[in-house]
Structure formats: structure tokens, C-alpha cells
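Chemist: For the sequence shown, the positions run -31 to -1, 1 to 509 when mature numbering (1 follows the signal peptide of the UniProt record, and there is no 0) is used.
We put the CB at the ideal spot given by N, CA and C, even for glycine.
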Amino acid sequence: MIQTTSRRRGLTRRQLIGAAGLTVASVGAVAACHEPGSPPEPPPSGGPPLTTVFGAPGSLDGLKGYPSTDLVEVPELRFGAGQAAFMSTVASDGSVIVGTTPFSDDQARPTSNDMEIGVFAPPTRTFTRLVVPTTTGQTRTVSTDRNLRGIGGADVSDVLAVTDPGGGQRVLFVSALPFHGWDSRTSGQYPSVGQLVPGQDGWRYERTLSWTADELAGRAEPWTASQAYPQVPPAPRTPRGPVSIARLPRSGHVVVAQYFGDPRDGTDSGALAVLDLDGRLKAWWQYPPTKPLGVPVVVNPREVAADPSSELDDERFVLISDCRDGDHKTQPFPIQEFSYSATAGQIVPRSGAVRAAQDGSRMETACFDAAGNLYVARTKADGLSAATMAVYPKLGSERGLVRRAPAVGDWTQTFGVECAPDYLVSGTDRGGLVRSLTIDPATGVVLAVAVGGLLQAVRPAGSGAQMTFTVAASVDLGLGKLRESSKRYVGVRRGAVDSDRRLLWLPINQLVLDGMKWPYKPFALDQWLAQVDLRTLLGS
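#1: In the DSSP assignment, find the unbroken beta strand (DSSP E) run with residue 166 in it and report its ends.
#2: Considering residue 183, what are the terminal residues of the alpha helix (DSSP H) in which it resides?
#3: Using DSSP bridges, identify the partner residues of residue 269.
#4: How many angstroms separate the CA atom of residue 337 from the CA atom of residue 318?
#5: Hey, how far is the Cα of residue 368 from the Cα of residue 343?
#6: Return the CA-CA distance between residue 408 and residue 114, expressed in angstroms with no decimal places.
#7: Going by DSSP, which residues form a beta bridge with residue 342?
#8: Taking residue 272 and residue 217 to be in contact with their CB atoms under 8 angstroms, please state how far apart those CB atoms are, rounded to whole angstroms.
#9: Leaving out five residues on either side along the sequence, give the residues of the same chain with a beta carbon under 7 angstroms from the beta carbon of residue 359.
#10: Which residues in the same chain as residue 205 place their Cβ atom closer than 8 angstroms to its Cβ, once the five residues preceding and following it in sequence are excluded?
#11: According to DSSP, simplified to helix, strand and coil, what is residue 516?
#12: If we ignore side chains and look at the alpha-carbon of each, how far apart do residue 121 and residue 144 end up?
#13: Where residue 530 and residue 80 are concerned, what is the direct C-alpha to C-alpha distance, given to the nearest angstrom?
#14: Flag this pair as touching only if the stretch 93 to 101 and the stretch 221 to 238 have three or more C-beta atom pairs under 8 angstroms; answer yes or no.
#15: Report the CB separation of residue 383 from residue 257 in whole angstroms; it is logged as a contact under 8 angstroms.
#16: How would you call residue 293, buried or exposed, if buried means at least 16 neighbouring beta carbons within 10 angstroms?
#17: Looking only at C-alpha atoms, which of 362, 255, 299 sits nearest to residue 315?
#18: Considering Cα atoms alone, identify which of 215, 246, 37, 432 is closest to residue 188.
#19: Specify the secondary structure class of residue 30 as computed by DSSP and reduced to three states.
#20: Please report the distance separating the alpha-carbon of residue 32 from that of residue 387.
#21: Among 444, 171, 265, 309, which one has its Cα closest to the Cα of residue 505?
#22: Closest to residue 494 by C-alpha separation, out of 214, 47, 22, would be which residue?
#23: For residue 169, does the count of other Cβ atoms within 10 angstroms reach 16, so buried, or fall short, so exposed?
#24: Measure the Cβ-Cβ separation of residue 309 and residue 224 and say whether it is below 8 angstroms.
#25: Answer with buried or exposed for residue 485, where buried requires no fewer than 16 other C-beta atoms within 10 angstroms of its C-beta.
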């Protein structure tokens, strides 16, 4: 998948034009890594279990008898053929919404022939597959490329619950590669940006609030539209790989990481876009050519996270990017801080793209707490193992990213410069790379979950230059026991915290990756959802 980090596969520009593919990364053997850690301690007598795992009948047998873990069979908890659970969000009614990725974990290598989103309703313990239709009403699409052997469909790379201007809720979603080379005149197009709305029978897809890349371009100024949503006929316009979305706290607009470059002119680096909830492009920024020390670097924006403490017309967010050199060799991933002004319609870099240390480690995933303190999970140079968590606290109006590494002059020439964090959290360099990093708003505890299910809860104390950190809990959720065979990979993807109910939800997916030669006909694999009770985990 675009958001994974261990190995990279390159595709030609012709493949992008014909099958909407571009350079993406594959998780490889990462998901099979063993996560060292202790099984969870049993909760106090009569208390709720630490973990509840939901799955289809017969899929939970490997976890039977695991300490402090309840198992709940949900007959409907199945995704369609070739679809694996992916990123998640929680709506105000407690519904857990889960996006989807191919079994290859690489959107350029589809393994299904539809587009779908999973919705789990905890009160009734029911799961619904929402199959998203194309603009012509098709619920199944197949590429005309004979090499793809009857596959097509589309991914749902990110999902985000938001409050709309009327006070209601919607769920936004984006698709990195919504087109794989079929006849769009008859089969139609999937949305690049879509929305779900609540209804009498639960969440549903809302076509009038969803847009293809062609439709997004029609809502933008012509010059900007041609850059943000380019077209190389006969294919539809490309959305340039929207893979991550974050809501900005004051304007309510949404920042989008566009992973891919422009296929028309050889631009390999991606871009940033800001949209409102009506699909109008409010600002757009192309990542500039980057040649630190004269070495070209391709920058693919992979994850955005917004600072909830920022001000109107200076709404801050950070970007983590995948990077490679001209020989397609992976480079350490940096983090960079940006500002968005709704009044000016501008995205401006405030810091350079920095690393925590010049030791080959990578910035993996990030989150902010309510005070604007930035937490960054890092990965060691091997691309497989966790490095210590970095913390950049907000000191006054700025973080160390901007104070020590401002984006001044030609900052691209110092791309990847070291900006040491104010704190490195001891004890957080255990297990595999962190795939889920979230905050428990009730306690301010940072919840880091590694790919194989090692959950570490980091409790901060103090503020600014006087912070301390304690690993309040460290438990192995035992997810490796769910794996069906040596050719399958089981791992966590980004979870979501239900702050009202004090629950952490974690999608657990099962993938094929390199266990079969791609392409292959779609088939189904078990997927799961884990619920972690935060009161039990944190003793509060």
C-alpha cells in the first residue's frame, strides 16, 4: 500500500495512464514480524475485558483462551472478495467505519472488482458492507487490461468522521486509485472523494456529496484544476492519489495528501490540497523539485495530521512523506509543518522537511494532542522495527520544527536535515513499526499500536519544556494467533478512539502480499475488529 514502508515497487508512467498506477510501497514481511510483549493481565473480577475481538464465525479460534480477551462472532463481518480492512474512524453514534485496501496492500495492484466501506454498529453488533456504485450505477468493474485477469474495483484509502455546518455528521473518504482501465463510458467512475451520511437504516453513500476527479476539476479554477486533477486521454482525470485526510480546526476545511506526481510532465513528487465539504478546491500546493546536496529526491505525501490548537488563517498541520532517490532507493521519511490560510487560499511550508536523527530512522506516523504537542512514531533504518517516539511540544506559538528548522530561503536544499525532538520517550522502541497512533482525550494518553498488535500507552505529564513521559501499559494483543497460514499476513491498521465511550477500535486485516503471484482472481479472507477498553487499560 502507499502508506507502508518496507519495500517499494515502481510502475511506469504508461501504467499510470492506463491503469491508474504509480510508484507505491509494499509492506512485504513487515506484517509477519513477531511483536515482543506480555499478554494482557486479567482485569479485576467483574470488570470488562481489556480486549474484545469481533470476527466472522470460525475466524476467531486461534484466540480462544487468550487472557482478558472476549471473542464475538458476527456473521456479517465479511468484506467482499479481494478487500482487506484498512484505516478507520468513529462516528458520534459509536459506529466504526473502515476503509479497504487490496490484499497486495498496494492500490496499484488491485485484488477485487468493487469499492466498499465497512460499517460496524457496536450496540447491535452488526456489520454492513457498503458497496459504492460508479457514476453509471455499476457495483462491479473489471479492467479491460487482459493482464489483470478480471479484476478492477477501487480502494478506500482513508476515512474521516466530521461535523457538517448544520451540526450533523458525515464521513468523508478518499480513493487513491479509483480507476483501473475499464471503459468509463459504460462502467462509469468511482468517486475520488466521497461522503457517507446517516439515515434511518444506518450509514449510506451519498452520491450528491461525492465527486470523481472530473467532477472535482469542474469545481475548481481551470488552471488549478489542470494541475491538481490532470488528464491524459483516454483515461479520466487522475486525483493524484489522495491517501490521507485531516480536518482543519477553524475553517472546517480538509487537507488532503496527494501521493502521486503529474503524469503529463514527469513530475514525480506529490502535492497537498485543501477542500471544503462541498468538494471545492480552496488551496493547492505542489511539492517543489528537491535536490539536497545535488541528489534528486522524489517526495510522495503519505500522511497529514492537523493541530487542533491552531488559529484561523494559520491552521497548522504536519506532513509525513515517503521518499526515494533517482534509483528508487528508499530514503528516510521526514516530517514537515505547514500553515493554511482560508482567507488567502494558501498553503505555506513553515518548517523544512526534517528527520529526528541522521541514523536512517524514519518518521512513521504522527498525532497532536489538544495542546498542540506533536507525537511522532518512528521506525528504525531496517524499516521493520520501532524506534523511540519523538515529541515536539508546543512552546508558546511554535514547535521546535519551526523554531529550529524554519522553511526559509531555498529550504529544499536542506531537505532531510536533522531537527532533534525535544523529547525521546524511553521504552517505546519495542516491537514492529507503529501503524496506529492516537490520543485518548480523557487522559491525554498516547496510544501506539505496532503492526503485530503490541499496544503501548504513553502517559505525558507537565507541559512545554517541563514534560515527562511514562509507559503506563504495554500489552501484546495476540493478533498473530489469527493468522490462517504461513502465506497470510495479519496486522493492525490505523485505529480510532471513541472518546465518549472510552474505547479504542483497531482494524485487523489479513493480506496475501507476496504469498501468491499477482494478479489472481478475487477471493475472500477473514478480517477483524478489535475493541480495547481504555478504562481497563489505563485503570481509570
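Modeler: On the basis of the coordinates in this document:
#1: Taking the sequence shown and counting its residues from 1, the one referred to as residue 166 is at position 197. Following the DSSP letters along the chain, one finds residue 166 inside the beta strand (DSSP E) bounded by residues 162 to 168.
#2: Numbered from its first residue, the sequence shown carries residue 183 at position 214. Run containing residue 183: 182 to 187, per the alpha helix (DSSP H) assignment.
#3: As a position in the sequence shown, residue 269 is number 300, starting the count at 1. Bridge partners of residue 269: 291.
#4: Within the sequence shown, residue 337 is the residue found at index 368, counting from 1. Within the sequence shown, residue 318 is the residue found at index 349, counting from 1. Between the alpha carbons of residue 337 and residue 318 lies a gap of roughly 18 angstroms.
#5: Start at 1 with the first residue of the sequence shown, and residue 368 comes out as number 399. Start at 1 with the first residue of the sequence shown, and residue 343 comes out as number 374. The straight-line gap from Cα to Cα measures roughly 8 angstroms.
#6: Along the sequence shown, read from residue 1 onward, the residue named residue 408 stands at position 439. Along the sequence shown, read from residue 1 onward, the residue named residue 114 stands at position 145. Straight across, the Cα-Cα distance linking residue 408 with residue 114 is about 44 angstroms.
#7: In the sequence shown, the residue the question calls residue 342 occupies position 373. DSSP output for residue 342 lists no bridge partner at all.
#8: Counting from one through the sequence shown, the residue named residue 272 turns up at place 303. Counting from one through the sequence shown, the residue named residue 217 turns up at place 248. With a Cβ gap of about 15 angstroms, residue 272 and residue 217 do not count as contacting.
#9: Along the sequence shown, read from residue 1 onward, the residue named residue 359 stands at position 390. Cβ neighbours of residue 359 beyond the five flanking positions: 325, 345, 347, 390, 393.
#10: Stepping through the sequence shown from its first residue, residue 205 is reached at position 236. Counting only Cβ-Cβ distances below 8 angstroms, and skipping sequence neighbours, we find 148, 153, 158, 181, 182, 183.
#11: It is not possible to answer for residue 516, since the shown part of the chain is limited to -31 through 509.
#12: Against the sequence shown, residue 121 aligns to sequence position 152. Against the sequence shown, residue 144 aligns to sequence position 175. Distance between the alpha carbons of residue 121 and residue 144 is about 13 angstroms.
#13: Absent from the structure is residue 530, since the part of the chain shown begins at -31 and ends at 509.
#14: Using a C-beta cut-off of 8 angstroms, the stretch 93 to 101 makes no contact with the stretch 221 to 238, since fewer than three inter-stretch Cβ pairs fall below that distance.
#15: Mapped onto the sequence shown, residue 383 falls at position 414. Mapped onto the sequence shown, residue 257 falls at position 288. In this structure, residue 383 and residue 257 do not form a Cβ contact; the two beta carbons are roughly 13 angstroms apart against a cut-off of 8 angstroms.
#16: Mapped onto the sequence shown, residue 293 falls at position 324. So residue 293 ends up on the buried side.
#17: For the purposes of this step, residue 315 is identified with residue 346 of the sequence shown, where counting begins at 1. Each of 362, 255, 299 was checked against the Cα of residue 315, and the nearest Cα belongs to 255.
#18: The residue given as residue 188 occupies position 219 in the sequence shown. Of 215, 246, 37, 432, the residue nearest in Cα terms is 246.
#19: For the purposes of this step, residue 30 is taken as residue 61 along the sequence shown, with counting starting at 1. Looking at residue 30 - three-state DSSP - the assignment turns out to be helix.
#20: What you label residue 32 is simply residue 63 of the sequence shown in a count that begins at 1. What you label residue 387 is simply residue 418 of the sequence shown in a count that begins at 1. Roughly 43 angstroms between the two C-alpha positions.
#21: Against the sequence shown, residue 505 aligns to sequence position 536. Closest by alpha carbon: 444.
#22: As a first step, residue 494 must be located in the sequence shown, where it is residue number 525. Its Cα nearest to that of residue 494, the residue 47 stands out among 214, 47, 22.
#23: Along the sequence shown, read from residue 1 onward, the residue named residue 169 stands at position 200. Residue burial is scored here from C-beta neighbours: residue 169 has fewer than 16 other C-beta atoms within 10 angstroms and is therefore classed as exposed.
#24: In the sequence shown, counting from the first residue as 1, residue 309 sits at position 340. In the sequence shown, counting from the first residue as 1, residue 224 sits at position 255. For residue 309 and residue 224, yes; Cβs fall inside 8 angstroms.
#25: Locating residue 485 in the sequence shown gives position 516, counting from the first residue. Counting C-beta atoms within 10 angstroms of its own C-beta, residue 485 has fewer than 16 neighbours from the protein chains shown and is therefore classed as exposed.
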